[in-house]
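Trainee: Which chain is which? The protein sequence lines are X and A, in order.
Every letter in the first sequence is one number past the one before it in the numbering used here, and letter 138, counting from 1, is 138.
Heads up, the numbering used here is the position in the second sequence plus 207, with the first residue counted as 1.
Protein chains: 2
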Amino acid sequence: MPKQVDYESRRRRIAEAVCLLADEHGPEGVSMRDVAARAQVSLGAVQRCFRSKGEMLLFAVEYVGDRVTERVRARLAASPAQSAATALGHAADEIALLREEHRAEARIWLAFVAQAAVSEPLAGPLRTSYAALQNLLARLVTEAIGSGSADEGATPPDPQHEARTLLALADGLTTHVLLGHLTAEEAEEVLHAHLAGLWERLGAARR
Amino acid sequence: MPKQVDYESRRRRIAEAVCLLADEHGPEGVSMRDVAARAQVSLGAVQRCFRSKGEMLLFAVEYVGDRVTERVRARLAASPAQSAATALGHAADEIALLREEHRAEARIWLAFVAQAAVSEPLAGPLRTSYAALQNLLARLVTEAIGSGSADEGATPPDPQHEARTLLALADGLTTHVLLGHLTAEEAEEVLHAHLAGLWERLGAARR
DNA sequence: CCGAAAGCGATACGATCGTATTGGAATAAG
DNA sequence: CTTATTCCAATACGATCGTATCGCTTTCGG
Numbered sequence: 001m002p003k004q005v006d007y008e009s010r011r012r013r014i015a016e017a018v019c020l021l022a023d024e025h026g027p028e029g030v031s032m033r034d035v036a037a038r039a040q041v042s043l044g045a046v047q048r049c050f051r052s053k054g055e056m057l058l059f060a061v062e063y064v065g066d067r068v069t070e071r072v073r074a075r076l077a078a079s080p081a082q083s084a085a086t087a088l089g090h091a092a093d094e095i096a097l098l099r100e101e102h103r104a105e106a107r108i109w110l111a112f113v114a115q116a117a118v119s120e121p122l123a124g125p126l127r128t129s130y131a132a133l134q135n136l137l138a139r140l141v142t143e144a145i146g147s148g149s150a151d152e153g154a155t156p157p158d159p160q161h162e163a164r165t166l167l168a169l170a171d172g173l174t175t176h177v178l179l180g181h182l183t184a185e186e187a188e189e190v191l192h193a194h195l196a197g198l199w200e201r202l203g204a205a206r207r
Numbered sequence: 208m209p210k211q212v213d214y215e216s217r218r219r220r221i222a223e224a225v226c227l228l229a230d231e232h233g234p235e236g237v238s239m240r241d242v243a244a245r246a247q248v249s250l251g252a253v254q255r256c257f258r259s260k261g262e263m264l265l266f267a268v269e270y271v272g273d274r275v276t277e278r279v280r281a282r283l284a285a286s287p288a289q290s291a292a293t294a295l296g297h298a299a300d301e302i303a304l305l306r307e308e309h310r311a312e313a314r315i316w317l318a319f320v321a322q323a324a325v326s327e328p329l330a331g332p333l334r335t336s337y338a339a340l341q342n343l344l345a346r347l348v349t350e351a352i353g354s355g356s357a358d359e360g361a362t363p364p365d366p367q368h369e370a371r372t373l374l375a376l377a378d379g380l381t382t383h384v385l386l387g388h389l390t391a392e393e394a395e396e397v398l399h400a401h402l403a404g405l406w407e408r409l410g411a412a413r414r
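#1: Using a Cβ cut-off of 7 Å, pull out every chain A residue sitting near valine 190 of chain X, in sequence order please.
#2: On the criterion of 16 or more Cβ atoms from any shown chain inside 10 Å, does glutamate 200 of chain X qualify as buried, or is it exposed?
#3: Apart from the five residues on each side of it in sequence, which residues of its chain come closer than 8 Å, Cβ to Cβ, to glutamine 134 of chain X?
#4: Could you check which residue in X/Val113, X/Gly89 and X/Ile108 has the C-alpha nearest to that of valine 141 of chain X?
#5: DSSP on glutamine 322 of chain A, reduced to helix/strand/coil?
#6: Please state whether the Cβ-Cβ distance between histidine 22 of chain X and alanine 106 of chain X is less than 8 Å.
#7: In whole angstroms, give me the CA-to-CA distance for alanine 411 of chain A and alanine 187 of chain X.
#8: Can you find a CB in chain A that lies within less than 8 Å of the CB of serine 79 of chain X?
#9: What in chain X is Cβ-close to aspartate 241 of chain A, meaning under 8 Å?
#10: Does leucine 283 of chain A have its Cβ less than 8 Å from a Cβ in chain X?
#11: When the cut-off is 8 Å and only beta carbons count, does aspartate 171 of chain X lie next to chain A?
#12: Using three-state DSSP, classify aspartate 230 of chain A as helix, strand or coil.
#13: What does a CB cutoff of less than 8 Å around tyrosine 7 of chain X pick up in its chain, not counting 5 residues either side in sequence?
#14: For chain A, find out if any of its Cβ atoms is closer than 8 Å to the Cβ of glycine 146 of chain X; answer yes or no.
#15: Just to confirm my understanding: we take valine 279 of chain A, look at its own chain, exclude 5 residues before and 5 after, and list those with CB closer than 8 Å. What are they?
#16: Please report the distance separating the alpha-carbon of leucine 333 of chain A from that of threonine 183 of chain X.
#17: Kindly indicate the opening and closing residues of the alpha helix (DSSP H) around lysine 260 of chain A.
#18: Could you list which residues in chain A have their beta carbon closer than 8 Å to that of tyrosine 208 of chain X, in chain order?
#19: For the stretch 312 to 329 of chain A, list every residue whose C-beta sits within 8 Å of some C-beta in chain X, in sequence order.
#20: Taking 8 Å as the threshold (beta carbon to beta carbon), is leucine 57 of chain X in contact with chain A?
#21: So which residues on chain A does arginine 127 of chain X lean against when the C-beta distance must stay under 9 Å?
#22: Let me check you understand the geometry: is the CB of alanine 114 of chain X closer than 7 Å to at least one non-hydrogen atom of the ligand FAD?
#23: Going by Cα to Cα distance, which pick from A/Ala351, A/Val384 and A/Gln254 is closest to alanine 403 of chain A?
#24: Contact between the stretch 237 to 246 of chain A and the stretch 21 to 41 of chain X: three or more CB pairs below 8 Å?
#25: Shortest alpha-carbon distance to arginine 103 of chain X belongs to which of X/Gly29, X/Leu169, X/Arg38 and X/Val68?
#26: Can you give the Cα-Cα distance for leucine 161 of chain A and histidine 401 of chain A, rounded to whole angstroms?
#27: Do you know offhand how far cysteine 226 of chain A's Cα is from isoleucine 315 of chain A's?
#28: Following the continuous alpha helix (DSSP H) through histidine 297 of chain A, name the residue where it begins and the one where it ends.
#29: Quick check: what's the CA-CA separation for alanine 222 of chain A versus glutamine 4 of chain X?
#30: Just to confirm the assignment: which complete alpha helix (DSSP H) runs, minimum length 4, are found wholly within the stretch 120 to 152 of chain X?
#31: Under a three-way DSSP split, which group does leucine 182 of chain X fall into?
#32: If the criterion is Cβ atoms closer than 8 Å, does the pair leucine 169 of chain X and glycine 387 of chain A meet it?
#33: Using only CA atoms, which one of A/Val271, A/Thr382, A/Glu262 and A/Leu385 lies nearest to glutamate 327 of chain A?
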């Protein structure tokens, strides 16, 4: 058998280039040639990795989705001993992508979301990522309920419901920061205030 | 003086065409030629109305922004006698663009937002629209506080803070519905639950 | 050592893009 | 009616896009 290369690593490299370009010039502003140049490979090499541009974008969106969810998971694993409340806070922070160093990732995400709203094949992987994040948040809420108060007067919050709210709020805040409608500090303040409210609702008997 | 046409109405017609195409093929998927065909005018006529494509898109985004905020304002004017609480609910409903008949408008909005995240000239009008909506919501919250309880124990919520939260939540929910991650019913349920929580926070002494 | 096979860089191709140009139709003032 | 001016449809143009094709190089089984 003749020459063979590590396609997996090359695909990842190309996906990185797609992200860089999508961050700079928006979605649809990435061309195969620019991608090839950014990834420091020839156009032909890109074409060998992906049958078409659509296939390349699909891989890139899955790549980004995996990276975000993995980062959230890692953040949780890094601080396992703390309370469910702070864990929720950290998770929400990571999802909201508010920090300056993740601004690019947020722009890429938004670019793909907008594209996916009119392109069904792209929407699939994004839904998968969102479902993963929502389930992760819901699990944290469940833990918070369990370790929290045993108060029986108030209606117990639905973890999936709270996770949906949190995810949508984080997403909206990220968008508003990207647009410059909110500063990162304002968004963080809103997010933390919501978390504080949620925590209070979970059960006031908390120290 | 020779022939003269109503440029204002033609510009609006072209903006409508831009919206229709942005809804179908996403942002950047709208070409001058397609726009001209949709608006039933020639390419030359479009070029006379707008010096460049960017100028056309800029006009279109302002047009959409005005239409959304105007619709929210109209909805409020149509039900002036009701309580501040229901007014807030209606406003949030309109902003979230969850109903099927506004799905297209939501897609267009998302398309422009994504584009604006990497194109500063487009971001300006969007920020203006968001600021208008946030102020409108904040005003409603203020009214709700005024007409609500006079309880002094709890800390009074900051109207601007609550407006920011509401706006971001509505935006995030709209996006998730467009992607198919949430159904319109789920999103509406989340939004109403948040409003209920807010209302409760404003003061429990309410009938 | 050697040919078969796979990879890759270069190039070609057709389509489509935004924009510029141009020649003639339409219109209102004199 | 004449004429100057505005408008517009058609067309041209150069750039860039995604994709297809084609030799040359590289590599490994035999």
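Where is the CB? At the ideal position from N, CA and C, for every residue including glycine.
Mentor: The short version:
#1: As a first step, residue 190 of chain X must be located in the first sequence, where it is residue number 190. Here the neighbours are His368, Arg371, Thr372 and Ala375.
#2: Within the first sequence, residue 200 of chain X is the residue found at index 200, counting from 1. It counts as exposed.
#3: Counting from 1 along the first sequence, the entry for residue 134 of chain X is found at position 134. Excluding residues within five positions, the ones whose Cβ falls inside 8 Å are Gln160, Ala163, Arg164 and Leu167.
#4: Along the first sequence, one-based indexing puts residue 141 of chain X at 141. Of the listed residues, the one whose Cα sits closest to valine 141 of chain X is X/Gly89.
#5: Mapped onto the second sequence, residue 322 of chain A falls at position 115. Note: glutamine 322 of chain A maps to helix in three-state DSSP.
#6: Locating residue 22 of chain X in the first sequence gives position 22, where the first residue counts as 1. Locating residue 106 of chain X in the first sequence gives position 106, where the first residue counts as 1. It is worth fixing the name first, because residue 22 of chain X is alanine in this sequence and not histidine. Not in contact: alanine 22 of chain X and alanine 106 of chain X (Cβ atoms no closer than 8 Å).
#7: What you label residue 411 of chain A is simply residue 204 of the second sequence in a count that begins at 1. What you label residue 187 of chain X is simply residue 187 of the first sequence in a count that begins at 1. Reliability fails at alanine 411 of chain A, whose pLDDT of 49 lies under 50, so the model's placement of it is uncertain and the value that follows must be treated cautiously. Each residue's alpha carbon lies about 27 Å from the other.
#8: To locate residue 79 of chain X, count along the first sequence from 1; it is residue 79. For serine 79 of chain X, the answer is no, since every Cβ of chain A falls outside 8 Å of its Cβ.
#9: Counting from 1 along the second sequence, the entry for residue 241 of chain A is found at position 34. Correct list: empty, because the minimum Cβ distance to chain X is about 14 Å.
#10: Working through the second sequence from its first residue, we reach residue 283 of chain A at position 76. It does not; no Cβ of chain X falls within 8 Å.
#11: Against the first sequence, residue 171 of chain X aligns to sequence position 171. Judged by the 8 Å Cβ criterion, aspartate 171 of chain X is in contact with chain A.
#12: Along the second sequence, read from residue 1 onward, the residue named residue 230 of chain A stands at position 23. It is helical.
#13: As a working mapping, residue 7 of chain X is identified with position 7 in the first sequence. Excluding sequence neighbours, tyrosine 7 of chain X sits near Cys49.
#14: Here residue 146 of chain X refers to the residue found at position 146 of the first sequence. Chain A, which has no Cβ nearer than 8 Å to the Cβ of glycine 146 of chain X, makes this no.
#15: In the second sequence, residue 279 of chain A corresponds to position 72, counting from 1. Closer than 8 Å at Cβ, skipping near neighbours: Ala298, Glu301, Ile302, Leu340 and Leu343.
#16: Taking the second sequence and counting its residues from 1, the one referred to as residue 333 of chain A is at position 126. Taking the first sequence and counting its residues from 1, the one referred to as residue 183 of chain X is at position 183. Their Cα atoms are separated by approximately 15 Å.
#17: Within the second sequence, the letter at position 53 stands for residue 260 of chain A. Residues 260 to 285.
#18: Nothing about residue 208 of chain X can be reported from this structure: the residues present for chain X run from 1 to 207 only.
#19: Arg314, Leu317, Ala318, Val320, Ala321, Gln322, Ala323, Ala324, Val325 and Ser326
#20: By 1-based counting over the first sequence, the position of residue 57 of chain X is 57. Not an interface residue.
#21: One-based indexing of the first sequence puts residue 127 of chain X at position 127. By Cβ distance, chain A contributes Leu386, Gly387 and His388.
#22: As for the ligand FAD, it is missing from this structure, which has no ligand bound.
#23: Your numbering for residue 403 of chain A matches position 196 in the second sequence. Closest by alpha carbon: A/Ala351.
#24: no
#25: The sequence position of residue 103 of chain X within the first sequence is 103, counting from 1. Taking only the C-alpha atoms, the option nearest arginine 103 of chain X is X/Val68.
#26: A question about residue 161 of chain A goes unanswered here, because the residues of chain A that appear run from 208 up to 414.
#27: Along the second sequence, read from residue 1 onward, the residue named residue 226 of chain A stands at position 19. Along the second sequence, read from residue 1 onward, the residue named residue 315 of chain A stands at position 108. So the two alpha carbons sit approximately 6 Å from each other.
#28: To locate residue 297 of chain A, count along the second sequence from 1; it is residue 90. Where histidine 297 of chain A is concerned, the enclosing alpha helix (DSSP H) stretches over 291 to 303.
#29: Your numbering for residue 222 of chain A matches position 15 in the second sequence. Your numbering for residue 4 of chain X matches position 4 in the first sequence. Rounded to the nearest angstrom, the two C-alpha atoms are 52 Å apart.
#30: 120 to 147
#31: Along the first sequence, read from residue 1 onward, the residue named residue 182 of chain X stands at position 182. Here leucine 182 of chain X sits in coil by DSSP.
#32: By one-based count along the first sequence, residue 169 of chain X stands at place 169. By one-based count along the second sequence, residue 387 of chain A stands at place 180. Taking 8 Å as the Cβ cut-off, leucine 169 of chain X and glycine 387 of chain A do not qualify as a contacting pair.
#33: Taking the first residue of the second sequence as position 1, residue 327 of chain A is located at position 120. Ranking A/Val271, A/Thr382, A/Glu262 and A/Leu385 by Cα distance to glutamate 327 of chain A puts A/Glu262 first.
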